[in-house]
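Working notes, beginning with the structure itself.
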Amino acid sequence: MRYDYTFNNEEFTIVAVSSGSKSSSIVKYEKLNKVKESKNNILIYITREQFYILDKKQCDENIQEVIKLLKDKVKKYKTI
11 MRYDYTFNNE EFTIVAVSSG SKSSSIVKYE KLNKVKESKN NILIYITREQ
61 FYILDKKQCD ENIQEVIKLL KDKVKKYKTI
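Residue numbers (our numbering): 11 to 90.
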């Protein structure tokens, strides 16, 4: 499974793509619990138990824009 994403000023939309089908989740930035960034992944926590993993290698060239936007919008942004 991989994740695609879009974003605007207030919302972050994550789309899970699996076997040709898509499902999406729109999350307001203030509802994000925290974000952790490792060398290869970005983990976006909606709650303590529910999170999305963006594989940096599978994301498009806009991933650096997304990282900057998340750092600006999410108070609990941690690099691990």
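Ideal Cβ positions, reconstructed from N, Cα and C, are used throughout, including at glycine.
Beta-carbon proximity check, residue i vs residue j, cutoff 8 Å
i                : j             : result
lysine 66        : isoleucine 73 : yes
phenylalanine 22 : tyrosine 15   : yes
glutamate 20     : tyrosine 39   : yes
valine 37        : isoleucine 56 : yes
Supposed contact pair residue j and residue i - C-beta distance, whole angstroms, cut 8 Å
i             : j             : result
leucine 64    : isoleucine 52 : 4 Å
lysine 44     : lysine 78     : 17 Å between Cβ atoms; not a contact.
isoleucine 90 : lysine 32     : With 8 Å as the limit, isoleucine 90 and lysine 32 do not qualify as a contact, their Cβ atoms being about 29 Å apart.
Span of the beta strand (DSSP E) around residue i
i         : result
valine 45 : 44-47
valine 93 : Past the boundaries of the shown model lies residue 93; the chain is included only from 11 to 90, so the question cannot be answered.
lysine 88 : 87-89
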